[in-house]
Amino acid sequence: MNLGYWEDFWKKNTEFGGFRFDLDGESQKDIFKKLDKKRHTQEPDLTKYFEQLLLEGRDLLEIGCGIGTDLREFASRKARVFGFDFSPYNSLISDYGLRLYGLDGVVILADAEALPFPDCCFDIVYSWGVMHHTPNTDKAISEVYRVLRPGGTAAVMLYHKGIQYLLIMGRYILKLCWLRMRRREFISYAYDKTPLSQIFSKGEIRQLFHDFDITSIQINLYGGLKDHRYLKVAYKLFQIFPLLKHIFGTQAFITAKKRLESGKLNQKPEVVCPLCRTSLTKRDEGLVCGNDKCAKKFDIYKTIPVLHDYNLDDVIVTGDDAMKEKTLTSNLYRKWVK
Ligand SMILES: C[S@@+](CC[C@H](N)C(=O)[O-])C[C@H]1O[C@@H](n2cnc3c(N)ncnc32)[C@H](O)[C@@H]1O
Ligand SMILES: [Zn+2]
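Residues in the sequence shown are numbered from 1 upward in steps of one, following the working numbering.
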């Protein structure tokens with residue numbers, strides 16, 4: 001696994017559904033509306049779920065918020081939101097979206113494996129379709145545990161070893177792709193054309209969340225599959241026979257609670273140094289860790305504090321560059337896999 005390539009991909013990745021954003025423009029609400037509609041067509045049960053989730057508290061962190069569709073929805077339902085992504089462009093769009101709609105919230109750029117937040121400071125940590133893309137999912141989940149308040153709720157969607165995984169594995173074996181490509185890389189590209197997508201069974205998920213009290217693991221089928229060339233038939237069948245969906249569904253939605261006896265009492269959510277977890281102060285054009293022994297400096301990219309070791313000169317991309325990168329990745333996939 002080439003981690004340099006993994007990092008580079010996500011830094012340049014944008015989830016803006018082919019729409020072009022002019023971040024200084026005035027009339028962007030229509031684009032956001034279209035993106036929100038697309039999201040809720042693909043995931044029709046989300047709104048109902050968000051309502052339930054927000055009964056658990058108000059301080060919410062979203063890990064890998066992409067272009068901020070869900071973050072905006074949480075903020076509009078009066079949650080106090082913090083969101084971050086690994087991609088500078090996505091983080092900017094998330095921040096821009098909050099401001100466009102007059103919503104409060106903090107958006108930063110950070111890594112799911114080293115959260116720049118104190119222990120025990122969130123009621124809810126939410127993450128949709130992100131932690132299977134990070135190399136150390138177990139590390140990311142232990143970070144979720146750390147930043148949750150005792151009794152706080154983790155709500156996480158991870159890919160599940162369902163029908164799509166079985167078909168891909170079938171292709172990998174029968175078409176002798178294993179002669180040319182490692183399984184992990186093949187699955188990643190075939191699943192969603194990313195350099196790293198890990199797919200988990202229910203047992204593996206239970207292991208990942210072993211510190212938590214798991215409330216439920218709900219298996220669903222990704223709504224976008226209803227337009228899939230082959231899987232649209234399965235999609236229809238699964239609607240008629242829900243048991244099939246529970247076994248062969250493609251997404252696992254995990255709700256789990258941090259044990260009451262673990263951790264300190266409530267801390268205030270704030271952005272801290274990811275290395276030593278000390279508060280940050282503004283200095284020059286950026287931020288600096290208040291711990292003299294650490295004194296790590298962090299940049300601010302446009303409006304976004306960068307709480308991760310980045311060389312921003314390498315990663316700032318325009319929408320067009322990002323689209324090229326996506327095309328490049330899928331060409332690579334076609335060359336390797338087909
Ligand atoms: C498939 S998108 C999902 C975005 C959003 N949650 C949604 O549902 O639309 C995956 C996101 O995870 C982010 N990501 C991947 N690895 C990450 C990491 N280690 N830390 C933070 N974000 C990460 C990517 O930049 C990307 O925006
Ligand atoms: Zn520090």
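Don't be surprised by glycine CBs; every beta carbon is placed ideally from N, CA and C.
beta-carbon Leu-237 near ligand 2 non-hydrogen atom, thresh 7 Å: On the sequence shown, residue 237 is found 237 positions in, with the first residue counted as 1. No, the beta carbon of Leu-237 sits no closer than 7 Å to any heavy atom of ligand 2.
DSSP bridge partner residues for Val-107 (one or two, in chain order): Position 107 of the sequence shown holds residue 107. Its beta-bridge partners are Gly-83.
At least 3 beta-carbon pairs within less than 8 Å: the stretch 158 to 174 vs the stretch 221 to 237: yes
7 Å CB neighbourhood of Ala-75 in its chain, flanking five on each side removed: As a first step, residue 75 is located in the sequence shown; it is residue number 75 there, counting from the start. The residues are Val-81, Leu-98, Leu-103, Asp-104, Gly-105.
Sub-8 Å separation of Asp-123 and Arg-58 beta-carbons: Translated into the one-based positions of the sequence shown, residue 123 becomes position 123. Translated into the one-based positions of the sequence shown, residue 58 becomes position 58. Taking 8 Å as the Cβ cut-off, Asp-123 and Arg-58 qualify as a contacting pair.
Inter-stretch contact at 8 Å, needing at least 3 Cβ pairs: the stretch 110 to 122 / the stretch 133 to 144: yes
heavy atom of ligand 1 below 7 Å from Ile-217 C-beta: Within the sequence shown, numbered from 1, the residue matching residue 217 stands at position 217. Every heavy atom of ligand 1 is 7 Å or more from the Cβ of Ile-217, so no.
Leu-303 - DSSP class collapsed to helix/strand/coil: For this step, residue 303 is matched to residue 303 along the sequence shown. Here residue 303 turns out to be Thr, not Leu, going by the sequence shown. Three-state result, Thr-303: coil.
Contact the stretch 242 to 260 vs the stretch 151 to 160: 3+ CB pairs below 8 Å: yes
Per DSSP, the bridge partner or partners of His-219: Taking the first residue of the sequence shown as position 1, residue 219 is located at position 219. In the sequence as presented, His is not what sits at residue 219; that position holds Ile. In DSSP, Ile-219 forms a bridge with Ala-252.
Three-state secondary structure assigned by DSSP to Leu-280: As a first step, residue 280 is located in the sequence shown; it is residue number 280 there, counting from the start. Reduced to three states, the DSSP call for Leu-280 is strand.
Beta carbon nearer than 6 Å to a non-hydrogen atom of ligand 2: Cys-273, Leu-275, Cys-276, Thr-278, Cys-289, Asn-291, Cys-294, Lys-296
One or two residues paired with Lys-297 in a DSSP bridge: The sequence position of residue 297 within the sequence shown is 297, counting from 1. Per DSSP, Val-288.
Alpha carbon of Val-107 to alpha carbon of Leu-208, nearest angstrom: The residue labelled residue 107 in the question sits at position 107 within the sequence shown. The residue labelled residue 208 in the question sits at position 208 within the sequence shown. If you take the alpha carbons of Val-107 and Leu-208, they lie about 27 Å apart.
Spatially closest choice to Gln-42 from Gly-290, Lys-226, Thr-303, by CA coordinates: Your numbering for residue 42 matches position 42 in the sequence shown. When each option's Cα is compared against that of Gln-42, the closest is Lys-226.
Simplified DSSP state of Thr-134, which is helix, strand or coil: If you number the sequence shown from 1, residue 134 lands on position 134. Three-state result, Thr-134: coil.
Nonlocal neighbours in the same chain, by C-beta distance under 6 Å from Ser-330, ignoring five residues either side: Within the sequence shown, residue 330 is the residue found at index 330, counting from 1. Note that Ser-330 scores 49 on pLDDT, short of 50, meaning its location in the model is unreliable and no value can be drawn from it.
Nonlocal neighbours in the same chain, by C-beta distance under 6 Å from Leu-61, ignoring five residues either side: Within the sequence shown, numbered from 1, the residue matching residue 61 stands at position 61. Closer than 6 Å at Cβ, skipping near neighbours: Phe-82, Phe-122, Val-125.
Nearest-angstrom Cβ-Cβ length linking Gly-129 and Met-157, presumed shorter than 8 Å: Indexing the sequence shown from 1 puts residue 129 at position 129. Indexing the sequence shown from 1 puts residue 157 at position 157. Right, their Cβ atoms sit about 5 Å apart.
Cβ pair count under 8 Å reaching 3, the stretch 140 to 151 against the stretch 236 to 253: no
Cα-Cα separation between Thr-278 and Glu-143, rounded to whole angstroms: Position 278 of the sequence shown, counted from the start, is the residue given in the question as residue 278. Position 143 of the sequence shown, counted from the start, is the residue given in the question as residue 143. If I take the Cα positions, the gap works out to 16 Å.
Status (buried if at least 16 other CB within 10 Å, exposed otherwise) for Ile-173: The residue you call residue 173 lines up with position 173 of the sequence shown. Flag for Ile-173 reads exposed.
Proximity to Asp-309 [Cα-Cα], best of Lys-302, Lys-296, Gln-52: Position 309 of the sequence shown, counted from the start, is the residue given in the question as residue 309. Comparing Cα positions, the closest option is Lys-296.
Nearest residue (CA-CA) to Ile-31, options Ile-67, Thr-303, Leu-55: Locating residue 31 in the sequence shown gives position 31, where the first residue counts as 1. That would be Ile-67, whose Cα lies nearest to the Cα of Ile-31.
Cα-Cα separation, Val-271 to Leu-280: Numbered from its first residue, the sequence shown carries residue 271 at position 271. Numbered from its first residue, the sequence shown carries residue 280 at position 280. So the two alpha carbons sit approximately 7 Å from each other.
Same chain, Cβ closer than 7 Å to Tyr-333, five either side skipped, listed in chain order: Here the question's residue 333 lines up with position 333 in the sequence shown. Any answer about Tyr-333 is weak, because its pLDDT of 47 lies below 50 and its placement is not dependable; what the coordinates show is given next. Tyr-189, Lys-193.
Buried or exposed (CB count within 10 angstroms, at least 16 for buried), Leu-176: Here residue 176 refers to the residue found at position 176 when the sequence shown is read from its first residue. It counts as exposed.
Distance, Cys-294 Cα to Asn-220 Cα: In the sequence shown, counting from the first residue as 1, residue 220 sits at position 220. In the sequence shown, counting from the first residue as 1, residue 294 sits at position 294. One C-alpha to the other measures close to 45 Å.
Ser-127 versus Ile-214 - alpha carbon distance: As a working mapping, residue 127 is identified with position 127 in the sequence shown. As a working mapping, residue 214 is identified with position 214 in the sequence shown. Each residue's alpha carbon lies about 16 Å from the other.
Exposed unless 16 or more other CB atoms sit within 10 angstroms - verdict on Asp-45: In the sequence shown, the residue the question calls residue 45 occupies position 45. Exposed, by the Cβ-count rule.
Beta-bridge pairing of Asp-159 - partner residues as DSSP gives them: For the purposes of this step, residue 159 is identified with residue 159 of the sequence shown, where counting begins at 1. The residue you asked about is not Asp; residue 159 is Tyr in the sequence shown. In DSSP, Tyr-159 forms a bridge with Gln-251.
Any non-hydrogen atom of ligand 1 within 7 Å of His-160 CB: Residue 160 sits at position 160 when you count from the first residue of the sequence shown. Incorrect: His-160 has no Cβ contact closer than 7 Å to ligand 1.
Complete alpha helix (DSSP H) runs within the stretch 29 to 109 (minimum length 4 residues, chain order): 29 to 42, 46 to 53, 69 to 76, 88 to 100
Where Tyr-101 falls, given that 16 or more other Cβ within 10 Å makes a residue buried: Indexing the sequence shown from 1 puts residue 101 at position 101. With fewer than 16 Cβ atoms within 10 Å of its Cβ, Tyr-101 is classed as exposed.
Among Thr-69, Leu-179, Met-169, nearest to Gln-198 - alpha-carbon criterion: The residue labelled residue 198 in the question sits at position 198 within the sequence shown. Closest by alpha carbon: Met-169.
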